[in-house]
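Take a look at the structure below.
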C-alpha cells in the first residue's frame, strides 16, 4: 500500500516546525514533515554565538546569487538553512516583527485578514517573553524570547545613536518601532531557541507525526487540479488532505517549478513539463541588503579578542561550565530603526551593531574592531527565482536584483551616512580609533557605492517569491488563505508569501505566518 498522511509538510524550517506542532496538537491529523538537510544535532547550533561558524556549506544550501547588475556584476554569497529548524538553527537570533504599517499595507493590497491587529495575536501566541506581559507580548508560547546582556561596546553604540539624535526605544515590538536600543533574541539561558528546539519536542514521539531529514523533495504531483502526493528520493508519498509548502523564499518556488507549476515558457526552456502555467511563481523576490561600516578599536575591547586561541579556549570552558560568556551572546545585541526620509510612513533604515569584525566576506582583517550594518527596510527592487536545469538537485538561479531600483541606492547611501554619524559620536571616543572600512578616503557617494559593489551582503531575509494577494490579483501566487491559485490541496505557508517585506528581521513574521496558517487549516478541516 502507498504511504499516506493527511498533511505533508515540505521543509523543516521555522514555518514547518510551527505547522507540525499545531496540527498534531489537534489530535485529528497525521503529519509527515520532510527536511532536505540533517537533524539539528550539531553542538554549535545550540550555542548562540555559533552562528558565526554555521553560514558555510555544512548547514546551508551553499547558494550564491547570479551576478548582480546593480552591484557591478558581483555575485553575493547567499546562505539559506539546510538543517532541521532552517534559518532559526543558524541565524543571529534577533527577534523583531516589523512595523504596524507593514501589515496594514498588506491588507490594503488585497490580503484580507492580514492587518496588524489581525496578525498581532499570532505573534503573542507564539511567544514566551521573559520580560514583557502586555498587549504586545505573550508568555507560555513555544518560542523563547529573551533579553540580552549587552556588550559594553553595544552600550556605547546605544549612547552614540542617542547623541546622533535617535531616541532610545526599550521595545521595538511594542507601541513604536522607531529608535535605538537592545534587541530581544530567540535564545534562553545560554542556548539557541530555534523553531525545532521550541516547537517539536512535545510531538516527536507522537505516533501521528513522522519526521524525515535528508529528504530532498523532487516534486509535488498534481492530478485533476489537486496536489495528491510528493516525490522524494524516488518514492511517492500520498497527501490525503494537503501538501503544505514551507521551504522558504528560495525553496518553495524551486519545488513548485520542478513540479511544473510556474511560467510555462521558463519551464519548457529547462525541460520541465508544464502542469499549471503560473507566471508569477518565482517572481517578486526581494531581500534586505547590508552596507556596513567597520571601525577599528583603540584596544582589545571587542569580541575580536577571542580570535586568539587561548582566549577562545577560555570562552569555550566558561560556556561549557556555566553557560555564560561571549559564546552565550548572539554577537548582534543592539540596533534600531530610523529615517532617511521624513515623508515615509515608517523607519526606512535598520541598524545591526556587532561588537566585533571579520564576519563580512572579503574584507582585509583588522586586529580589533566593531561593525555597524545598515539596510533599507522596504526595498523596491524585485528579482526572481528560476531553475538552472530540470535536475532537482541543481541549485536554482537566484536573482534578488539588488539595487535594481535607484530608490534603494539612494536610501542605502543615506543609511550608510547615518551609520557613520553614529560611529563618530563621543560615546565611542574611548573605544574607537577610526574607520577601517571603507575608510576616510571614501568620501563621495560614488566612493561608497564602489565599496558596496565589492562588499555589500545579504541580510538573509529573502521573501515574496510566492506572493499573496486577492483572488483577482494577477500578480499573486496564493490567496489570503495561502492556497495556491488554480490548484486544490496545496498551500504555501512561509516567508515567500509576503507581498512586501516586513521592515525588520523575518524570523518572527515567518513564525506568525505559520501560526495563522495552522488556524486556517484547522478551520477548513474542523480539526
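Numbering (this note's numbering), first residue to last: 713 to 1239. Note that CB positions come from ideal geometry on N, CA and C, so glycine has one too. What you are looking at is a predicted structure, and each value in this text was computed from that prediction instead of being measured.
query: Nearest to residue 793 by CA position, among 902, 1105, 768 and 815, is which residue?; result: 768
query: Would the segment 948 to 963 and the segment 1138 to 1145 be scored as touching if the rule is three or more Cβ pairs under 8 angstroms?; result: no
query: Roughly how many angstroms separate the alpha carbons of residue 903 and residue 1210, rounded to a whole number?; result: 30 angstroms
query: Would residue 1121 and residue 1108 qualify as a contact pair, given that the criterion is a beta-carbon distance under 8 angstroms?; result: no
query: Can you give the Cα-Cα distance for residue 991 and residue 981, rounded to whole angstroms?; result: 14 angstroms
query: Looking at C-alpha atoms only, which residue of 867, 989, 803 and 735 is the closest neighbour of residue 1134?; result: 867
query: I'd like the list of long-range same chain contacts for residue 953, defined as Cβ closer than 8 angstroms, with 5 residues on each side in sequence excluded.; result: 718, 719, 741, 1201 and 1237
query: On the CB-based measure, 16 or more other CB atoms within 10 Å of its CB, does residue 1198 come out buried or exposed?; result: exposed
query: Go through its chain and collect everything with a Cβ distance to residue 878's Cβ below 7 angstroms, but skip five positions before and after it.; result: 891, 892, 1048 and 1050
query: Which runs of the alpha helix (DSSP H) fall wholly inside the segment 1107 to 1187 and span at least 4 residues, in chain order?; result: 1118 to 1135 and 1157 to 1167
query: Assign residue 804 to one of three DSSP states: helix, strand, or coil.; result: coil
query: Label residue 935 either buried or exposed according to how many other C-beta atoms from any shown protein chain fall within 10 Å of its C-beta, with 16 as the threshold for buried.; result: exposed
query: Does the Cβ of residue 744 have 16 or more other Cβ atoms within 10 Å, making it buried, or fewer, making it exposed?; result: buried
query: Which residue from 760, 1179, 875 and 1149 puts its Cα closest to that of residue 1076?; result: 1149
query: Over the uninterrupted beta strand (DSSP E) stretch that includes residue 952, give me the two end residues.; result: 947 to 957
query: Do residue 1230 and residue 912 have their C-beta atoms within less than 8 angstroms of each other?; result: no
query: Would you mind reading off the limits of the beta strand (DSSP E) that contains residue 1000?; result: Unbroken run through residue 1000: none, as it is neither H nor E.
query: What separation, rounded to the nearest whole angstrom, lies between the Cα atoms of residue 1232 and residue 825?; result: 11 angstroms
query: What span of residues does the beta strand (DSSP E) with residue 1021 cover, start to end?; result: Here residue 1021 belongs to no beta strand (DSSP E); instead the alpha helix (DSSP H) covers 1021 to 1034.
query: Smallest Cα separation from residue 728: which of 925, 917 and 777?; result: 925
query: CB residue 750 to CB residue 795, shorter than 8 angstroms?; result: yes
query: Starting from residue 750, follow its DSSP beta bridges and name the residues at the other end.; result: 795
query: Flag this pair as yes or no: are the beta carbons of residue 777 and residue 1110 separated by less than 8 angstroms?; result: yes
query: For the 8 angstroms Cβ check, are there 3 or more pairs between the segment 1113 to 1120 and the segment 1085 to 1103?; result: yes
query: Examine the Cβ distances between the segment 857 to 873 and the segment 1058 to 1072 and report whether three or more of them are shorter than 8 angstroms.; result: yes
query: What did DSSP end up calling residue 1197 once you bin it into helix, strand or coil?; result: coil
query: Rounded to whole angstroms, what is the Cα-Cα separation between residue 812 and residue 828?; result: 5 angstroms
query: Counting along the chain, where does the alpha helix (DSSP H) carrying residue 1013 start and finish?; result: No alpha helix (DSSP H) contains residue 1013, which DSSP labels as neither H nor E.
query: Please report the Cβ distance between residue 970 and residue 1099, rounded to the nearest whole angstrom; I am assuming they are in contact, meaning their Cβ atoms lie under 8 angstroms.; result: 7 angstroms
query: For the structure I just gave you, are there three or more beta carbon pairs, one from the segment 754 to 770 and one from the segment 931 to 950, closer than 8 angstroms?; result: no
query: Using the three-state DSSP reduction, which class does residue 729 fall into: helix, strand or coil?; result: helix
query: Bridge partners for residue 856 per DSSP, in chain order?; result: 840
query: Are residue 1042 and residue 899 close, meaning C-beta to C-beta below 8 angstroms?; result: yes
query: Apart from the five residues just before and just after residue 1024, which ones in its own chain have a Cβ nearer than 6 angstroms to its Cβ?; result: 1018
query: Using CA coordinates, which residue listed in 1125, 1130, 1164 and 1009 is at the minimum distance from residue 1145?; result: 1009
query: Taking a contact to mean a Cβ-Cβ separation below 8 angstroms, would you say residue 1081 touches residue 1014 in this structure?; result: yes
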